[in-house]
Amino acid sequence: MKKARGVWVLGEQRNGRIHPVSHELLAWGRSLADGLNVSLECIIAGHGIAEDAKQLIAHGADRVRCFDHRQLEIFRVDPYVRLMERLIREYKPEILLAAATTMGRTVMPVLAAHLHTGLTADCTELAIDPTERLLLQTRPAIGGNVMATIKTPSHRPQMATVRPKSRRPMPADESRTGEIVTEFIDESLLDSRVSRLGFVEDLTMGSSIQDADVVIAGGRGLRTSKRFADLFEIAERLGGVVGASRCAVDQGWAPYAHQVGLSGKSVSPTTYIALGISGSPNHLAGMSSAERIIAVNNDPDAPIFQVADVGIVADLADFLPAWLERLRRGTGEERGGPR
Amino acid sequence: MKRILVLVKQVPTTESVRLNEETGTMIRTGSDAAINPLDLHAVEEAVRIKESSTEEVAITVLSMGPLQAQSAIREALAMGCDEGILLSGREFAGADTWATAYALVQCIRVLEPIDLVLSGERATDGETGQVGPMVAAMWDVPLLTYVTHLACDWTQLVAHRAIEGGTEEVGCRFPVVACVLRDLNEPRLPTLSGKVAAHDNEIKVLDGNAIGADTSLLGLGGSPTRVVKVMYPSFQRNAELFHAIDNGVGVALDYLESVFTIDASQTKGPS
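These protein sequences, in sequence, are chains D and F.
If you read the first sequence in this note's numbering, its first letter stands for residue 1, the second for the next number, and so on.
If you read the second sequence in this note's numbering, its first letter stands for residue 1001, the second for the next number, and so on.
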């Protein structure tokens, strides 16, 4: 029997465009493939995606396998699983990654069940154990209080879903070369036992806090809903969006869509500003991969300062109005220009 | 008669969960345990379907765990489910999601015919959300994930699924597995008579043989995954602290601006 070899990632498209989470997967996949000295392939299903597939090469894939068919335009678990499963059984990758999106978290357990192999959910860290060539899959457990590292010693492929925004994509390198393979589609595999009857778009269900470069997040230390509401103006003036701790959401200061943390969304912005957030394990698990973290809190021992690059010990009741006043006064003229 | 199976899990209610350092599996013998909160929505939906259905409906609650997990099943019985089954025995201990789904599906095959299986989207302890989809896959029936609304007339199940960017309406035939979110409904509180009935209801406890399982596929031994390390997360950026309380807020803001500058061209003015 052929030995399992190679790293595969399951790309995602929405409305025929490659979704950026695919590039995050390729960044993970690239380092694993390089660690194992094998190739990195991206499997993607959709309709009219062949042209866009070049992006996947530029972001790190050595080969892209495309299933392109009108009936694959929207994700349906039955045909996606049948097509992927056939390919996996034929080529036997040793590792298969997908994003922990509603698609990845639906298709991967079904594939793992059929293939009789292990699957680890919502990983935030992936590495190769060099002595055994095994995938080390690390995920937060028990509300982010501990990190558990899991491996799949003898079943293949080793499967994991990866939490979106747990890693930045590599910059596109248009000079990279790779192969784009349009896979043959056996139309008898396209039937679905579940049919789509309709779709109601609701963009508030999207991931705007996940896409923002600057996140201004508030927590219990703001103490009042009115002070929390000031964050929206600060965020607007700084070109950012508002995030919230679980406590702030529980208080009704912000809707759940703004919640950052294991129980909400993971974010990885360029700058994360935590105001009055003490830094529970649940919260830290959702933002500690930000490029730069600035924390303002009145408690110098707050755990948030351990993950922050810049810490200011201040009472938000003084700090926030003063900051807002300053932002209102001088928007960019004498302060805050590019450095 | 139609039959609904609700999958429930007993989870620790406090943060005092301990891990077995050898196996990396959770130690669940503590007394602070309850039915997984999302499973209550699955139970509630089953009871609502039973109440509104023109056909006769029987609801079975199925769980896997130590004998203490019977109390989680009793919570579901008190809300209006008819019977409870617990898969229990040493052979099930330490199961990962694959081995758990295998055991549950073996039991489903013993219980068949079953028309509808409901489960919470994920449990608050493991947080994988994998068992429901794996049950659908091994049982080979349609799968609905992220369900926020169900309409069941026993010829077709229509569901709303909350996915990125909106809500999808889907339909499928029975039998089917649906994994539900908390938006689905508001779970009822058990009535006193419900609690009494649940207390008197004898929960069937089945072992690996009773469900005809290949014991090599159960528990830790049947699990493809292994927890190899458990550690407390360390984040080591350790900011140098600037004390506004000593230096004044104005100086603190100067300091903030010295480390965090915004590109003025991207800064939006007041609207």
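Don't be surprised by glycine CBs; every beta carbon is placed ideally from N, CA and C.
As assigned by DSSP and simplified to three states, the class of residue i
{"i": "residue 1124 (chain F)", "result": "coil"}
{"i": "residue 112 (chain D)", "result": "helix"}
{"i": "residue 1205 (chain F)", "result": "strand"}
{"i": "residue 206 (chain D)", "result": "Legend: pLDDT at residue 206 (chain D) = 48, less than 50; position of this residue unreliable, no value from coordinates given."}
{"i": "residue 232 (chain D)", "result": "helix"}
{"i": "residue 247 (chain D)", "result": "helix"}
{"i": "residue 1139 (chain F)", "result": "helix"}
{"i": "residue 1041 (chain F)", "result": "helix"}
{"i": "residue 239 (chain D)", "result": "coil"}
{"i": "residue 218 (chain D)", "result": "strand"}
{"i": "residue 333 (chain D)", "result": "Because residue 333 (chain D) sits at a pLDDT of 45, beneath the cut-off of 50, its placement in the model cannot be relied upon, and the following sentence gives the value as read from the coordinates. Correct three-state label for residue 333 (chain D): coil."}
{"i": "residue 78 (chain D)", "result": "helix"}
{"i": "residue 1236 (chain F)", "result": "coil"}
{"i": "residue 1267 (chain F)", "result": "Note on residue 1267 (chain F): pLDDT 38, under 50, position unreliable in the model; no value is reported."}
Beta-ladder partner(s) of residue i, from DSSP
{"i": "residue 160 (chain D)", "result": "D:97, D:120"}
{"i": "residue 1064 (chain F)", "result": "F:1087"}
{"i": "residue 13 (chain D)", "result": "D:18"}
{"i": "residue 137 (chain D)", "result": "D:126, D:150"}
{"i": "residue 1159 (chain F)", "result": "F:1150, F:1170"}
{"i": "residue 295 (chain D)", "result": "D:274, D:311"}
{"i": "residue 8 (chain D)", "result": "D:41, D:96"}
{"i": "residue 195 (chain D)", "result": "F:1171"}
{"i": "residue 1010 (chain F)", "result": "F:1035"}
{"i": "residue 1069 (chain F)", "result": "Beta-bridge pairing links residue 1069 (chain F) to no other residue."}
{"i": "residue 1003 (chain F)", "result": "F:1058"}
Beta-carbon spacing of residue i, residue j below 9 Å
{"i": "residue 209 (chain D)", "j": "residue 258 (chain D)", "result": "yes"}
{"i": "residue 1008 (chain F)", "j": "residue 1119 (chain F)", "result": "yes"}
{"i": "residue 1064 (chain F)", "j": "residue 112 (chain D)", "result": "no"}
{"i": "residue 279 (chain D)", "j": "residue 267 (chain D)", "result": "no"}
{"i": "residue 198 (chain D)", "j": "residue 1168 (chain F)", "result": "yes"}
{"i": "residue 1242 (chain F)", "j": "residue 311 (chain D)", "result": "yes"}
{"i": "residue 107 (chain D)", "j": "residue 75 (chain D)", "result": "yes"}
{"i": "residue 1121 (chain F)", "j": "residue 1040 (chain F)", "result": "no"}
{"i": "residue 167 (chain D)", "j": "residue 100 (chain D)", "result": "no"}
{"i": "residue 53 (chain D)", "j": "residue 180 (chain D)", "result": "yes"}
{"i": "residue 1107 (chain F)", "j": "residue 1157 (chain F)", "result": "no"}
{"i": "residue 116 (chain D)", "j": "residue 155 (chain D)", "result": "yes"}
{"i": "residue 327 (chain D)", "j": "residue 238 (chain D)", "result": "yes"}
From the options, residue whose alpha carbon lies closest to that of residue i
{"i": "residue 1217 (chain F)", "options": "F:1072, F:1093, F:1152", "result": "F:1093"}
{"i": "residue 1077 (chain F)", "options": "F:1111, F:1096, F:1055, F:1204", "result": "F:1204"}
{"i": "residue 65 (chain D)", "options": "D:75, D:168, D:50", "result": "D:50"}
{"i": "residue 319 (chain D)", "options": "F:1252, F:1259, F:1003", "result": "F:1252"}
{"i": "residue 228 (chain D)", "options": "D:87, D:277, D:214", "result": "D:277"}
{"i": "residue 1011 (chain F)", "options": "D:142, D:20, D:190", "result": "D:142"}
{"i": "residue 1004 (chain F)", "options": "F:1238, F:1226, F:1130, F:1051", "result": "F:1051"}
{"i": "residue 1109 (chain F)", "options": "F:1171, F:1080, F:1141", "result": "F:1141"}
{"i": "residue 1098 (chain F)", "options": "F:1154, F:1136, F:1107, F:1131", "result": "F:1131"}
{"i": "residue 38 (chain D)", "options": "D:291, D:250, D:6", "result": "D:6"}
{"i": "residue 254 (chain D)", "options": "D:239, D:222, D:262", "result": "D:222"}
{"i": "residue 1214 (chain F)", "options": "F:1200, F:1102, F:1195", "result": "F:1102"}
{"i": "residue 150 (chain D)", "options": "F:1137, F:1225, F:1260, F:1070", "result": "F:1225"}
{"i": "residue 1228 (chain F)", "options": "D:24, D:323, D:69, D:148", "result": "D:148"}
{"i": "residue 1211 (chain F)", "options": "F:1144, F:1034, F:1091, F:1038", "result": "F:1091"}
{"i": "residue 124 (chain D)", "options": "D:131, D:160, D:298", "result": "D:160"}
{"i": "residue 240 (chain D)", "options": "D:273, D:175, D:256", "result": "D:273"}
{"i": "residue 20 (chain D)", "options": "D:78, D:249, D:261, D:170", "result": "D:170"}
Heavy atom of the ligand COA within 8 Å of residue i beta-carbon
{"i": "residue 101 (chain D)", "result": "Among the components modelled here there is no ligand, and therefore nothing to report on the ligand COA."}
C-alpha gap between residue i and residue j, whole angstroms
{"i": "residue 1057 (chain F)", "j": "residue 265 (chain D)", "result": "38 Å"}
{"i": "residue 1075 (chain F)", "j": "residue 1221 (chain F)", "result": "31 Å"}
{"i": "residue 45 (chain D)", "j": "residue 89 (chain D)", "result": "17 Å"}
{"i": "residue 206 (chain D)", "j": "residue 72 (chain D)", "result": "Residue placement at residue 206 (chain D) cannot be trusted, given a pLDDT of 48 that sits under 50; what the coordinates show is reported in the next sentence. About 21 Å."}
{"i": "residue 1084 (chain F)", "j": "residue 1159 (chain F)", "result": "26 Å"}
{"i": "residue 1179 (chain F)", "j": "residue 104 (chain D)", "result": "15 Å"}
{"i": "residue 32 (chain D)", "j": "residue 1054 (chain F)", "result": "55 Å"}
{"i": "residue 1126 (chain F)", "j": "residue 1246 (chain F)", "result": "45 Å"}
{"i": "residue 11 (chain D)", "j": "residue 1154 (chain F)", "result": "36 Å"}
{"i": "residue 301 (chain D)", "j": "residue 35 (chain D)", "result": "39 Å"}
{"i": "residue 251 (chain D)", "j": "residue 309 (chain D)", "result": "28 Å"}
{"i": "residue 1137 (chain F)", "j": "residue 70 (chain D)", "result": "25 Å"}
{"i": "residue 194 (chain D)", "j": "residue 102 (chain D)", "result": "16 Å"}
{"i": "residue 43 (chain D)", "j": "residue 145 (chain D)", "result": "34 Å"}
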